[in-house]
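Residue numbers (my numbering), protein chains in the order written: chain A, -17 to 97; chain B, 7 to 116. No residue lacks a Cβ here, since even glycine has one placed at the ideal position from N, Cα and C. Before any comments, here is the structure.
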Amino acid sequence: SQTIHQWPATLVQPVGSPLSLECTVEGTSNPNLYWYRQAAGRGLQLLFYSVGIGQISSEVPQNLSASRPQDRQFILSSKKLLLSDSGFYLCAWSVEGGAGANVLTFGAGSRLTVL
Amino acid sequence: QKEVEQDPGPLSVPEGAIVSLNCTYSNSAFQYFMWYRQYSRKGPELLMYTYSSGNKEDGRFTAQVDKSSKYISLFIRDSQPSDSATYLCAMSAGDYKLSFGAGTTVTVRA
C-alpha cells in the first residue's frame, strides 16, 4: 500500500532563517506531488505541484521554492522566512494520470511558526 | 468571488442527528468532487469522491452533486462524536489541481 511521510511535524523558526520541509511517498511510482498551505479559516492554497523529476509548477509567487530531486521526494524550501510564511504545510500525492489523478492523499502536515 | 464557497460554521449537533454540509462553486468546468475530513492538527483524509452529477453513498455518508446548480452536499446520518472534525469540499476540472472550500467545523455532542 502507498504511504506518505512528511517531516518535521512542527518547527519554530526566526524571521530570515532558511526552511526545508521534506516529503516522501512509498509504494507507488511517478506520482504527482503537491505542496499546499493551510491558513486558519482560508482553506488550502496550492503552492507547487510536480508531475515528474525536476518538473515544478508554481501557483503563487512568493519566497518559497520546491524541488523534486527523486521520483518520490518533494522538498519545500525558503532562503529567508517571513512572518507571513507561518502556517500548516501539507504535502500530497496522486496517481500519475486518469481520473484518479484528481484525488489527493495528504501527509500529516508540518506546522511552521515564524517568530 | 471565491471559486468555491463553503460555510465555515461552526456546526454543533447532538449525537444521532443528521449533519448536512454544502458547497457552491462558480467554475462550470469542475467535474470531480470530493469531501475530505480533517481532524485537529492532522492532514485531510478523503471521505467521498464523485465524478460529475449524482449521488454516492458509503455507509453513513452520502454525497450529492448538482452541476446544474453548481452545488454539492454531504450528509452524515446517525452522527457520532468521532465525526467531530472539519469537513472540506474540493473539486477539480480534471487538470490535477484541486480547489478547496474553507472547511466547515462540526461538533457532535454526546
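Taking a C-beta distance under 8 Å as the contact criterion, serine -1(A) and asparagine 14(A) do not qualify as a contact pair. The Cβ atoms of isoleucine 38(A) and arginine 54(A) lie no closer than 8 Å to each other. As computed with DSSP, leucine 72(A) is found in a beta bridge with Tyr18(A). Using a CB distance cut-off of 8 Å, serine 98(B) counts as an interface residue toward chain A.
Inter-residue distance for phenylalanine 56(A) and phenylalanine 30(A) is about 10 Å (C-alpha atoms, whole angstroms).
The three-state reading of DSSP puts serine 46(B) in coil, since its state is none of H, G, I, E or B. In this structure the segment 26 to 42 of chain B touches the segment 81 to 98 of chain B; the number of beta carbon pairs closer than 8 Å is three or more.
By the criterion of a C-beta distance shorter than 6 Å, threonine 6(A) is surrounded in its chain by His(-13), Arg54, Gln55, once the five residues flanking it on both sides are discounted. Across the set Ser92(A), Gly91(A), Ala83(A), Ala90(A), the C-alpha of Ala83(A) shows the shortest separation from the C-alpha of tyrosine 55(B). Contact of tyrosine 31(A) with chain B by beta-carbon distance below 9 Å involves Tyr102, Lys103. In the same chain as proline 16(B), and ignoring 5 residues on each side of it, the C-beta atoms closer than 7 Å to its own belong to Thr111, Thr113, in chain order.
Judged by DSSP in its simplified three-state form, asparagine 84(A) adopts helix.
DSSP places serine -1(A) in the coil class of the three-state scheme, outside both helix and strand. Leucine 97(A) counts as exposed, since fewer than 16 other C-beta atoms from the protein chains shown sit within 10 angstroms of its C-beta. For glutamine 37(B), there is no enclosing beta strand (DSSP E), as DSSP gives it neither H nor E. DSSP places serine 75(B) in the coil class of the three-state scheme, outside both helix and strand. Along the segment 56 to 79 of chain A, the positions whose C-beta sits under 9 Å from a C-beta of chain B are Phe70, Leu72, Cys73, Ala74, Ser76, Gly79, read in chain order.
Residues of chain B with a Cβ closer than 7 Å to the Cβ of glycine 34(A) do not exist; the shortest Cβ-Cβ separation is about 12 Å. The alpha-carbon of leucine 104(B) is positioned some 8 Å away from that of leucine 28(A). Contacts with chain B (Cβ-Cβ distance below 7 Å) from the segment 0 to 25 of chain A involve Asn14, Gly23, Arg24, Gly25, listed in chain order. Under DSSP, proline 20(B) takes part in a beta bridge, and its partners are Arg115(B).
For valine 33(A), the enclosing beta strand (DSSP E) starts and ends at 26 to 34. Counting every other CB atom within 10 Å of its CB across the protein chains shown gives threonine -15(A) a total below 16, marking it as exposed.
Here DSSP, grouped into helix, strand and coil, assigns proline 87(B) to helix.
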